[in-house]
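Trainee: This is the structure, below, for whatever I ask next.
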Amino acid sequence: MSDFEPQIVAFFCNWCTFTAADLAGTSRLSYPPNLKIIRVMCSGMVDPKYVVKAFLNGADGVLIGGCWPGDCHYINGNLKARRRVANVNEILKQFGIGEERFWLRWIAASEGTMLQEVAIEMTKKLKELGPSPLRSLAQAAV
Amino acid sequence: MAKFAKVSFQKDEMNKKLSTFFKGMLDNGVVDAVLAPMVQSNNGVRLSLVTSPDHAPLLDPFAPVAAVSGAKIASSLTARPSGRSLAMVLHPCEIRAVVELSKLKQVNLDNVLLIGTDCLGRYENTDFVKFKKEGGTSEAFLGNALAGKTAVQDFDICGACKICEFPTAATADLNLVVLGAGSGDVYIEALTEKGEQALDKSGAGSSAAPAGRDEAVKKLVATRTEARDKTLAEYRDATNSFEALADKLANCVNCYNCRVACPVCYCKECVFVTDTFRHTGEQYMMWADQSGKLKMPNDTLFFHLIRMTHMSLSCVGCGQCTSACPNDIDLVPIFRAGAEKTQARFDYQAGRSFDEALPLSEFKSDEMEEVTGQVK
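Chains A and B, in that order, give the protein sequences. Here the first sequence is numbered in my numbering, starting from 1 and rising by one per residue. Here the second sequence is numbered in my numbering, starting from 1001 and rising by one per residue.
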């Protein structure tokens, strides 16, 4: 599986994690291109539908990036995201998409290096895990 | 200490004796109306809203059927309240769903007296008609079911009921008790202060607690819990991948009957019938192009998974989803297994208590740190 390149759908909050990605860029910190970044206004607006749909369509991993607790631009959207992620994780886990494929991480606007680290770490982990078991199902387009 | 009243009856007179209790409730002004299962024409039993005591004799509170979930009816009757007081006679699963709906502000219990019935299971609607045609009565059903015999001819109680570990309603104001009551007796148990006042005022009198109650409940709960664990373990063994789940749901036609029948599917407008899922022909063609084909209707697996993310935390395991499926998909194990996991994650149990907030309605700064694994 050495040539396997995981597809990671990354939902980044506008105020912290997406800004951190900007910072990583302007700081010339390189990270794997496996992340397909989608900017959202808040991690709390990432509906379980987006996550489940990404997996059903063959994503190998989903990463949600939000502000640290206490730092949310909308006060508590990230805390809602955390409960939702726990809930969705419990459901996906039963059918073979474990927590190692679906991450929530707090990455502040100033933490460009952490964004780089998380991107590298998740890509590495997914390379070890191999393609999502849902890839073949995605082909069947259910 | 719970208060009790005893209703004794001769053979074939259970409903007649119980109707005097309901009549007393209405006559003595305990409530203005009673919502309870009532005999209809053509062997049907449906929840009926009774405001005149004259109709009490047709009430059949222990009928082993739940044509639709009473929690949905409770929502219709109280979400925009009448201002009049109402007693609702419901199965324990319906009462647990009412608890969930009250947290969602879709049931208003301000003027409501909740009356639970000990539940030994229900038949599917079509089976119940057969049961009635063969002369079946609720009294005979209870007698047989208490002796462990629920099967009649070629049918039995619903799969959901066989694995239901909640045969009694713990959050009701009053309970109609048959478990441990002994033959020829039904007890009325008051579980809350409101229930005690209602019981006093109804004129049903008072009595000692039924001696065998705790033991009988414990025994049935143990049997049901064992059946639940066995069923869910078998289901999980057979359905541990999305492929296997897709196979289980292969007959789904996106009719959404399960969602309509579900008492805790709480969205006022389901996203699956909104424009979000009204795609253009071009979009479908694009999806088909990805692998050269596209099964229609599409998004069946997606629908069930998203429904699970919405309602599994409030799932009471009533089985209405399976009953409503026109294509005989047994949804109960899928949703009960899912609910067991999600509810456990939040140390929550649907319908257990009015005081526990819905897990996705409250959130704290310092909790669930294992989700991100990050500590500042």
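C-beta: ideal position from N, C-alpha, C; glycine also.
Whole-angstrom Cβ separation of B/S1019 and B/L1059, contact assumed at under 8 Å?
Mentor: As a working note, residue 1019 of chain B is residue 19 in the second sequence. As a working note, residue 1059 of chain B is residue 59 in the second sequence. Contact holds; Cβ gap of about 5 Å.
Trainee: Pull up the DSSP beta-bridge partners for A/L45, would you.
Mentor: In the first sequence, counting from the first residue as 1, residue 45 of chain A sits at position 45. The residue you asked about is not Leu; residue 45 of chain A is Met in the sequence shown. Per DSSP, none; premise fails for A/M45.
Trainee: Can you tell me whether B/P1333 is helix, strand or coil according to DSSP?
Mentor: On the second sequence, residue 1333 of chain B is found 333 positions in, with the first residue counted as 1. Residue state, collapsed to three classes: helix.
Trainee: On the three-state DSSP scale, how would you describe B/L1035?
Mentor: For the purposes of this step, residue 1035 of chain B is taken as the residue at position 35 of the second sequence. In the structure shown, B/L1035 sits in a strand (DSSP, three-state: E or B).
Trainee: Among residues of its own chain, excluding the 5 on either side of B/E1165, which ones have a beta-carbon nearer than 8 Å to its beta-carbon?
Mentor: Walking along the second sequence from the start, residue 1165 of chain B turns up at place 165. Within the same chain, B/E1165 has close Cβ partners V1221, R1224, T1225 and R1228.
Trainee: Residues of chain A with CB under 7 Å from B/M1308, in chain order?
Mentor: Here residue 1308 of chain B refers to the residue found at position 308 when the second sequence is read from its first residue. What B/M1308 touches in chain A: I91.
Trainee: Which value, in whole angstroms, describes the spacing of the CA atoms of A/R39 and A/N14?
Mentor: If you number the first sequence from 1, residue 39 of chain A lands on position 39. If you number the first sequence from 1, residue 14 of chain A lands on position 14. Their Cα atoms are separated by approximately 6 Å.
Trainee: Can you tell me the Cα-Cα spacing of A/V94 and B/E1340, whole angstroms?
Mentor: Taking the first sequence and counting its residues from 1, the one referred to as residue 94 of chain A is at position 94. Taking the second sequence and counting its residues from 1, the one referred to as residue 1340 of chain B is at position 340. Going by the sequence as given, residue 94 of chain A is Gln instead of Val. Computed Cα separation, rounded: 11 Å.
Trainee: What residue range is occupied by the uninterrupted beta strand (DSSP E) comprising A/E128?
Mentor: As a working mapping, residue 128 of chain A is identified with position 128 in the first sequence. Here A/E128 belongs to no beta strand (DSSP E); instead the alpha helix (DSSP H) covers G112 to L129.
Trainee: Is it true that the region 53 to 70 of chain A meets the region 118 to 127 of chain A, where meeting means three or more beta-carbon pairs spaced less than 8 Å apart?
Mentor: A contact exists between the region 53 to 70 of chain A and the region 118 to 127 of chain A.
Trainee: Taking all protein chains shown into account, decide if B/Q1106 is buried (16 or more other Cβ within 10 angstroms of its Cβ) or exposed.
Mentor: Counting from 1 along the second sequence, the entry for residue 1106 of chain B is found at position 106. Buried, since its Cβ has 16 or more Cβ neighbours within 10 Å.
Trainee: What are the uninterrupted segments assigned as alpha helix (DSSP H) that are 4 or more residues long and contained completely in the region 1094 to 1137 of chain B, given in chain order?
Mentor: You should have 1125 to 1133.
Trainee: Can you find a C-beta in chain A that's less than 9 Å from the C-beta of B/A1344?
Mentor: Walking along the second sequence from the start, residue 1344 of chain B turns up at place 344. By this cut-off, B/A1344 is an interface position.
Trainee: Please look up how many angstroms separate the CB atoms of B/L1249 and B/T1300, rounded, as I've assumed it's under 8 Å.
Mentor: Sequence index remark: in the second sequence, residue 1249 of chain B carries index 249 (1-based). Sequence index remark: in the second sequence, residue 1300 of chain B carries index 300 (1-based). Contact holds; Cβ gap of about 6 Å.
Trainee: According to DSSP, is B/R1352 helix, strand or coil?
Mentor: The sequence position of residue 1352 of chain B within the second sequence is 352, counting from 1. Looking at B/R1352 - three-state DSSP - the assignment turns out to be coil, as it is neither helix nor strand.
Trainee: What does the Cβ neighbour count give for B/M1308, buried or exposed, with the cut at 16 atoms within 10 Å?
Mentor: For the purposes of this step, residue 1308 of chain B is taken as residue 308 along the second sequence, with counting starting at 1. Result: buried.
Trainee: For the candidate residues B/C1161, B/G1373 and B/N1028, whose alpha-carbon lies nearest to that of B/T1051?
Mentor: Position 51 of the second sequence, counting from 1, holds the residue named residue 1051 of chain B. It is B/N1028 whose Cα lies nearest to the Cα of B/T1051.
Trainee: Using 8 Å for Cβ pairs, my map puts B/I1115 next to B/A1087. What's the rounded Cβ distance?
Mentor: Taking the first residue of the second sequence as position 1, residue 1115 of chain B is located at position 115. Taking the first residue of the second sequence as position 1, residue 1087 of chain B is located at position 87. Rounded, the Cβ-Cβ distance is 6 Å, consistent with contact.
Trainee: Could you pull the DSSP bridge partners for B/N1188 from this structure?
Mentor: On the second sequence, residue 1188 of chain B is found 188 positions in, with the first residue counted as 1. The residue you asked about is not Asn; residue 1188 of chain B is Ile in the sequence shown. Bridge partners of B/I1188: B/A1005 and B/L1176.
Trainee: Once the 5 residues before and after B/V1065 are set aside, which same chain residues still bring their CB inside 7 Å of it?
Mentor: Within the second sequence, residue 1065 of chain B is the residue found at index 65, counting from 1. For B/V1065, where only same-chain residues beyond five positions count, the Cβ hits under 7 Å are V1045, R1122, Y1123, N1125 and F1128.
Trainee: Who pairs with A/F11 in a beta bridge, going by DSSP?
Mentor: Taking the first sequence and counting its residues from 1, the one referred to as residue 11 of chain A is at position 11. Its beta-bridge partners are A/I38 and A/I64.
Trainee: Decide if B/M1014 is buried, meaning its Cβ has at least 16 other Cβ atoms within 10 Å, or exposed.
Mentor: Numbered from 1 along the second sequence, position 14 holds the residue referred to as residue 1014 of chain B. Buried is the call here.
Trainee: Would you tell me roughly how many angstroms separate the C-alpha atoms of B/A1233 and B/T1239, rounded to the nearest one?
Mentor: Locating residue 1233 of chain B in the second sequence gives position 233, counting from the first residue. Locating residue 1239 of chain B in the second sequence gives position 239, counting from the first residue. Spanning the two alpha carbons is a distance of roughly 10 Å.
Trainee: Against B/G1338, what residues of chain A qualify as contacts under a CB-to-CB distance less than 7 Å, listed in chain order?
Mentor: Working through the second sequence from its first residue, we reach residue 1338 of chain B at position 338. The contacting residues are I91 and Q94.
Trainee: Taking 9 Å as the cut-off, decide whether the C-beta atoms of A/P131 and A/P6 are in contact.
Mentor: Within the first sequence, numbered from 1, the residue matching residue 131 of chain A stands at position 131. Within the first sequence, numbered from 1, the residue matching residue 6 of chain A stands at position 6. In contact: A/P131 and A/P6 (Cβ atoms closer than 9 Å).
Trainee: Shorter than 9 Å from the beta carbon of B/T1239 to some beta carbon of chain A?
Mentor: By one-based count along the second sequence, residue 1239 of chain B stands at place 239. It does: the Cβ of B/T1239 has a partner Cβ on chain A nearer than 9 Å.
Trainee: Where does the unbroken alpha helix (DSSP H) through B/S970 begin, and where does it stop?
Mentor: This structure does not reach residue 970 of chain B, given that chain B is present from 1001 up to 1376, and the question cannot be answered.
Trainee: The alpha helix (DSSP H) with B/V1221 in it runs from where to where?
Mentor: Numbered from its first residue, the second sequence carries residue 1221 of chain B at position 221. Where B/V1221 is concerned, the enclosing alpha helix (DSSP H) stretches over R1213 to A1238.
Trainee: Indicate whether at least one CB of chain A lies closer than 9 Å to the CB of B/Q1374.
Mentor: Taking the first residue of the second sequence as position 1, residue 1374 of chain B is located at position 374. Taking Cβ atoms only, chain A reaches closer than 9 Å to B/Q1374, which makes this a yes.
Trainee: Relative to the alpha-carbon of B/I1188, which residue among B/K1201, B/S1206 and B/K1194 has its alpha-carbon at the smallest distance?
Mentor: Locating residue 1188 of chain B in the second sequence gives position 188, counting from the first residue. Nearest of B/K1201, B/S1206 and B/K1194 to B/I1188, Cα basis: B/S1206.
Trainee: With three or more beta-carbon pairs closer than 8 Å as the criterion, would you say the region 1307 to 1322 of chain B touches the region 1255 to 1273 of chain B?
Mentor: Because the criterion of three Cβ pairs below 8 Å is met, the region 1307 to 1322 of chain B and the region 1255 to 1273 of chain B touch.
Trainee: Just to make sure I have the definition right: I need the residues of chain B whose C-beta is within less than 8 Å of the C-beta of A/L134. Which are they?
Mentor: As a first step, residue 134 of chain A is located in the first sequence; it is residue number 134 there, counting from the start. Chain B residues near A/L134: F1242.
Trainee: Put B/S1291 into one of helix, strand or coil per three-state DSSP.
Mentor: Position 291 of the second sequence, counted from the start, is the residue given in the question as residue 1291 of chain B. Three-state result, B/S1291: helix.
Trainee: Nearest chain B C-beta to A/P131 closer than 9 Å, yes or no?
Mentor: For the purposes of this step, residue 131 of chain A is taken as residue 131 along the first sequence, with counting starting at 1. Taking Cβ atoms only, chain B never reaches closer than 9 Å to A/P131, which makes this a no.
Trainee: Look up B/L1090 in the DSSP assignment and give the residues it is bridged to.
Mentor: Counting from 1 along the second sequence, the entry for residue 1090 of chain B is found at position 90. For B/L1090, which the question treats as bridged, DSSP gives the partners B/G1116.
Trainee: Between B/A1246 and chain A, is the shortest Cβ-Cβ distance under 9 Å, so that the two count as touching?
Mentor: Along the second sequence, one-based indexing puts residue 1246 of chain B at 246. Judged by the 9 Å Cβ criterion, B/A1246 is in contact with chain A.
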